[in-house]
Amino acid sequence: MSQLLRYLGALVLGLTLGLSISLTGQEQVKSFGSQYNYPLLLDIMDTVETYYVNQVDRDELIQAAIKGIFDHLDPYSGYLDRQQLINLRDANHGEYYGFGFEVASGNSEQLNIIAPFPNSPAARAGILAGDRILKINDKLVSSLDLNIALSEIRYHSINNLALDLELQHNNDDQTFAVTLTPETIQVKSVEGKWLSDGIGYIRLSSFQDNTAEDMMAQLRQWRGQAMSGLILDLRNNPGGLLDQAIKIADLFLAKGRIVSTEGRFFDANSDYFASPQTMVGNIPIMVLINKGSASAAEVLAAALQDNGRATLIGETSFGKGTVQSLIPTLGTDSAIKLTIARYNTPNGRDIHAKGIEPDISISEQPSPLLSLNNKDTKVDLGLDSAIALITNHK
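Residue numbers for the sequence shown follow the numbering used here, so the first one is 634 and each next one is one higher.
Next up, the structure:
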């Protein structure tokens, strides 16, 4: 598979992205000069720095100009400073410092929770996938620029400060308030359990550097046992590294397209296909999804659904159909996380802002693994339906 895979996903860790440019240096300067009036930008900055009523530092103006560029793009693109870059790398190694939730903008005035991380401050406070953030530290989100709202969250996380949020559950008029304190969260991306009747259950919470290897290790543990079916739980999985989702899909598919990507430069346009080798036989596979299943989780779910390899059970997924890459800046301690492509499912579906429709729709979805570890929890209809389908398939 192309090395570009290492740099794609909802959360990415790639260190570089090589772009092929055929123009000579002189032609590049001429081309850039004809398209962008850099002297105008420098003139504006000089004027503000010299004459503005309050003294403004040149670095502050540069940061404001950078912010303005990304304000014009999508909420998944942005400039990462040194600390944010470290946090991103840690997250892809399974260690996350913060409040334990992923957010995305639903529209120009709204922030929605994609999913809380298991055993995180957000999860313990009762925050659920699909919740809407109404206030951040008593400031109405609707009155804030979304990038400012996200910066507020990041600032409190980086500086180890408590964060006050007012939220609203999906389809609920009642609001609730929480105070979150950041902490180090260990995210184990693969958890497995052998259920009765020879059914294997695997919870995928995210797609990190070693998720595919951990998946293979889990499946090897069950070798020699008579597996009658497999349940993959992708509920509240906000995504991660695209290459890991592709590798995991390849474990279950013997043929067919896994995903395709489309962008403006050559290497952003790719098709990824399954190899003939698989790690499980021709057993039924059930995939549990909900509105917190996003990005790489949707790539995996759609690959198995479109190729007829799995039945999807649950709710319509989040609907993030774009691909981000991490591109280093001239500075060694910063990078740009940039949306470089859109992806399509094997059948050519664009699921961005639409999500993936399950084959069997079930709205009641408690937290993953609860019904496996706590006998007193409410019934997990998604898991029970998956078990019943596999049992009836025998």
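For glycine and all other residues, C-beta sits at the position ideal for the given N, C-alpha and C.
Practice task
Consult DSSP for alanine 1021 and reduce its assignment to one of helix, strand or coil.
Solution key: As a first step, residue 1021 must be located in the sequence shown, where it is residue number 388. Looking at alanine 1021 - three-state DSSP - the assignment turns out to be helix.
Practice task
Compute every distance between the C-beta of glutamine 688 and the non-hydrogen atoms of the ligand FAD, then say whether any falls below 7 Å.
Solution key: What this structure holds is no ligand at all, so the ligand FAD is not there to describe.
Exercise for the section: Work out the CA separation of glycine 825 and arginine 836 for me, nearest whole Å. Expected result: Within the sequence shown, numbered from 1, the residue matching residue 836 stands at position 203. Within the sequence shown, numbered from 1, the residue matching residue 825 stands at position 192. In a straight line, the C-alpha of arginine 836 is about 6 Å away from that of glycine 825.
Exercise for the section: Within its chain, find whatever has a CB closer than 8 Å to the CB of histidine 985; leave out the 5 residues flanking it on each side and keep chain order. Expected result: On the sequence shown, residue 985 is found 352 positions in, with the first residue counted as 1. Around histidine 985: Gly952, Lys953, Gly954, Thr955, Arg975.
Handout entry: Burial state of leucine 773 (16 or more Cβ within 10 Å)
Key = Here residue 773 corresponds to residue number 140 of the sequence shown, with the count starting at 1. Classification for leucine 773: exposed.
Practice task
In the DSSP assignment, find the unbroken alpha helix (DSSP H) run with serine 784 in it and report its ends.
Solution key: Counting from one through the sequence shown, the residue named residue 784 turns up at place 151. Taken as a continuous stretch (DSSP letters only), the alpha helix (DSSP H) holding serine 784 covers 779–791.
Problem - Test item: CB-CB of aspartate 911 and leucine 937 under 8 Å - result: In the sequence shown, the residue the question calls residue 911 occupies position 278. In the sequence shown, the residue the question calls residue 937 occupies position 304. The residue you asked about is not aspartate; residue 911 is threonine in the sequence shown. The answer is no: Cβ separation not under 8 Å.
Practice task
Tell me whether methionine 912 sits in a helix, a strand or coil according to DSSP, three-state version.
Solution key: Here residue 912 refers to the residue found at position 279 of the sequence shown. DSSP places methionine 912 in coil when its eight states are reduced to three.
Handout entry: Option nearest valine 920 by Cα separation, candidates Ile1020, Arg897, Val892, Asn977
Key = In the sequence shown, the residue the question calls residue 920 occupies position 287. Residue Ile1020 is the option with its Cα nearest to valine 920.
Exercise for the section: Grab the span of the beta strand (DSSP E) containing arginine 836 for me, first residue to last. Expected result: Here residue 836 corresponds to residue number 203 of the sequence shown, with the count starting at 1. Start and end: 832–837.
Exercise for the section: Leaving out five residues on either side along the sequence, give the residues of the same chain with a beta carbon under 6 Å from the beta carbon of leucine 718. Expected result: The residue given as residue 718 occupies position 85 in the sequence shown. Result list for leucine 718: Ala968, in chain order.
Problem - leucine 875 - containing alpha helix (DSSP H), residue span - result: Locating residue 875 in the sequence shown gives position 242, where the first residue counts as 1. It spans 875–885 - the alpha helix (DSSP H) in which leucine 875 sits, taken as one unbroken run.
Handout entry: Proximity to leucine 886 [Cα-Cα], best of Gly941, Thr978, Asp797
Key = By 1-based counting over the sequence shown, the position of residue 886 is 253. It is Gly941.
Practice task
May I ask you to verify whether the region 782–790 touches the region 686–694, counting CB pairs closer than 8 Å and requiring at least 3?
Solution key: no
Problem - isoleucine 881 versus Asp966, Asn745, Ala930, residue with shortest Cα-Cα distance - result: Reading the sequence shown from its first residue, position 248 is the one you call residue 881. That would be Ala930, whose Cα lies nearest to the Cα of isoleucine 881.
Practice task
Ignore the nearest five residues each way along the sequence and tell me which others in threonine 817's own chain have a CB closer than 6 Å to its CB.
Solution key: The residue given as residue 817 occupies position 184 in the sequence shown. Counting only Cβ-Cβ distances below 6 Å, and skipping sequence neighbours, we find Tyr730.
Problem - Member of Leu813, Gly701, Asp764 whose CA lies at the smallest distance from the CA of asparagine 770 - result: By 1-based counting over the sequence shown, the position of residue 770 is 137. Ranking Leu813, Gly701, Asp764 by Cα distance to asparagine 770 puts Leu813 first.
Problem - Neighbourhood of lysine 888 by C-beta distance below 6 Å, restricted to the same chain and skipping five residues each side - result: Mapped onto the sequence shown, residue 888 falls at position 255. Here the set comprises Ala907.
Practice task
For the alpha helix (DSSP H) containing isoleucine 995, list its first residue and its last residue.
Solution key: Taking the first residue of the sequence shown as 1, we reach residue 995 at position 362. Run containing isoleucine 995: none; DSSP gives neither H nor E here.
Practice task
Give the straight-line distance between the Cα atoms of phenylalanine 703 and lysine 970, rounded to the nearest whole angstrom.
Solution key: Within the sequence shown, numbered from 1, the residue matching residue 703 stands at position 70. Within the sequence shown, numbered from 1, the residue matching residue 970 stands at position 337. In a straight line, the C-alpha of phenylalanine 703 is about 10 Å away from that of lysine 970.
Exercise for the section: Give the single residue among Asp939, Leu865, Ser958 whose Cα lies nearest to the Cα of valine 913. Expected result: Sequence index remark: in the sequence shown, residue 913 carries index 280 (1-based). Of the candidates Asp939, Leu865, Ser958, the one whose C-alpha sits nearest the C-alpha of valine 913 is Leu865.
Problem - Other residues of its chain near glycine 727: CB distance less than 6 Å, five sequence neighbours each side excluded - result: The residue labelled residue 727 in the question sits at position 94 within the sequence shown. Here the set comprises Val820, Gln841.
Practice task
Taking asparagine 720 as part of the alpha helix (DSSP H), name the residues at either end of that continuous run.
Solution key: For this step, residue 720 is matched to residue 87 along the sequence shown. 715–725 is the span of the alpha helix (DSSP H), which, as asked, contains asparagine 720.
Practice task
Could you tell me which of Arg868, Gly872, Leu933, Gly831 sits nearest to proline 979, measuring between CA atoms?
Solution key: Translated into positions along the sequence shown, residue 979 becomes position 346. It is Leu933.
Practice task
Report the three-state DSSP secondary structure of isoleucine 769 (helix, strand or coil).
Solution key: Translated into the one-based positions of the sequence shown, residue 769 becomes position 136. DSSP places isoleucine 769 in strand when its eight states are reduced to three.
Handout entry: Nearest candidate by alpha-carbon position, reference lysine 987, set Thr972, Ala935, Gln957
Key = Here the question's residue 987 lines up with position 354 in the sequence shown. Ranking Thr972, Ala935, Gln957 by Cα distance to lysine 987 puts Ala935 first.
Problem - Contact set for serine 667: own chain, Cβ-Cβ below 6 Å, skip 5 residues either direction - result: Here residue 667 refers to the residue found at position 34 of the sequence shown. Any answer about serine 667 is weak, because its pLDDT of 48 lies below 50 and its placement is not dependable; what the coordinates show is given next. Taken in chain order, the list of residues that qualify is empty.
Exercise for the section: Would you list the one or two residues that DSSP bridges to aspartate 797? Expected result: The residue labelled residue 797 in the question sits at position 164 within the sequence shown. Its beta-bridge partners are Thr812.
Handout entry: Rounded separation between aspartate 806 and arginine 765 - CA only
Key = Mapped onto the sequence shown, residue 806 falls at position 173. Mapped onto the sequence shown, residue 765 falls at position 132. Cα-Cα distance, rounded: 11 Å.
Practice task
Output the boundary residues of the beta strand (DSSP E) element that contains proline 672.
Solution key: Numbered from 1 along the sequence shown, position 39 holds the residue referred to as residue 672. Note, proline 672: premise wrong, no beta strand (DSSP E); alpha helix (DSSP H) at 671–684.
Handout entry: Straight-line Cα distance separating alanine 762 from glycine 947
Key = In the sequence shown, counting from the first residue as 1, residue 947 sits at position 314. In the sequence shown, counting from the first residue as 1, residue 762 sits at position 129. Distance between the alpha carbons of glycine 947 and alanine 762 is about 13 Å.
Practice task
Go through its chain and collect everything with a Cβ distance to phenylalanine 809's Cβ below 8 Å, but skip five positions before and after it.
Solution key: Here residue 809 corresponds to residue number 176 of the sequence shown, with the count starting at 1. For phenylalanine 809, where only same-chain residues beyond five positions count, the Cβ hits under 8 Å are Gly759, Glu799, Leu800, Gln801, His802.
Exercise for the section: Compute the beta-carbon to beta-carbon distance between leucine 1014 and isoleucine 995, rounded to the nearest angstrom, for a pair I have assumed lies under 8 Å. Expected result: Numbered from its first residue, the sequence shown carries residue 1014 at position 381. Numbered from its first residue, the sequence shown carries residue 995 at position 362. Indeed, because the Cβ distance is near 5 Å, the residues count as touching under 8 Å.
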